[in-house]
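Data block below; observations after.
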């Protein structure tokens with residue numbers, strides 16, 4: 001089963017495509033020269049044919065049917081920059097999409113926070129009211145620990 005992971009940080013108000021990417025100095029590779037990389041051969045567990053179609057198409061009556069292929073997990077930024085409006089906006093977004101996700105994911109959604117120490121407790125969530133309880137318990141604070 002694939003993992004569908006959402007990352008919520010609404011503090012910038014910018015879509016991910018407009019974010020600036022850092023530049024890094026080039027790193028010497030272990031394959032010097034102009035040698036071509038090895039040919040790709042799909043392994044036994046690779047997604048092919050009908051299973052690929054199931055992931056990319058949805059039925060006419062249910063545009064979210066593709067979610068049945070995933071175990072839905074959300075990774076939420078709970079750093080200090082999320083306090084206030086951004087925190088409420090993230091909560092409201094999760095409240096809104098939880099019923100859509102759980103209609104297609106029988107065991108519910110899982111939520112992990114970047115900083116909250118008990119993040120692993122928020123699993124198998126099936127109700128928007130549980131989202132409200134979680135966001136009243138977890139409070140934004142600390143740094144954004146990405147890239148560590």
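Residue numbers (full-length UniProt numbering): 1 to 148.
Ideal Cβ positions, reconstructed from N, Cα and C, are used throughout, including at glycine.
Bear in mind the structure is a predicted one, so any value in this text is a computation, not a measurement.
TODO: Identify the continuous beta strand (DSSP E) that holds residue 144 and give its terminal residues.
DONE: Here the question's residue 144 lines up with position 144 in the chain shown. Per DSSP, residue 144 belongs to no beta strand (DSSP E) and is neither H nor E.
TODO: Compute the beta-carbon to beta-carbon distance between residue 111 and residue 100, rounded to the nearest angstrom, for a pair I have assumed lies under 8 Å.
DONE: As a working mapping, residue 111 is identified with position 111 in the chain shown. As a working mapping, residue 100 is identified with position 100 in the chain shown. Not really, about 15 Å apart at Cβ, beyond 8 Å.
Open item on the list: Please list the terminal residues of the continuous beta strand (DSSP E) segment that includes residue 72.
Closed with: Mapped onto the chain shown, residue 72 falls at position 72. Element bounds for residue 72: 70-76.
TODO: Note down, in chain order, each residue of its chain lying with its Cβ closer than 7 Å to the Cβ of residue 142, except the 5 sequence neighbours on either side.
DONE: Reading the chain shown from its first residue, position 142 is the one you call residue 142. 79, 80 and 115, listed in sequence order.
- [ ] Report the option in 104, 118, 94 and 146 whose CA atom is closest to the CA atom of residue 74.
- [x] By one-based count along the chain shown, residue 74 stands at place 74. Checking every option, the nearest Cα to that of residue 74 belongs to 94.
TODO: Please report how far the alpha carbon of residue 69 lies from the alpha carbon of residue 106, in whole angstroms.
DONE: Reading the chain shown from its first residue, position 69 is the one you call residue 69. Reading the chain shown from its first residue, position 106 is the one you call residue 106. Spanning the two alpha carbons is a distance of roughly 11 Å.
Task: Separation of residue 104 from residue 113, as counted between CA atoms - done: Here the question's residue 113 lines up with position 113 in the chain shown. Here the question's residue 104 lines up with position 104 in the chain shown. In a straight line, the C-alpha of residue 113 is about 23 Å away from that of residue 104.
Open item on the list: Taking the alpha carbon of residue 127 as the reference point, which residue from 138, 96 and 61 has its own alpha carbon closest?
Closed with: Position 127 of the chain shown, counting from 1, holds the residue named residue 127. Residue nearest to residue 127 within the set 138, 96 and 61 is 96 (criterion: CA-CA distance).
Open item on the list: DSSP three-state label for residue 133, please.
Closed with: Position 133 of the chain shown, counted from the start, is the residue given in the question as residue 133. In this structure, residue 133 counts as helix in the three-state DSSP scheme.
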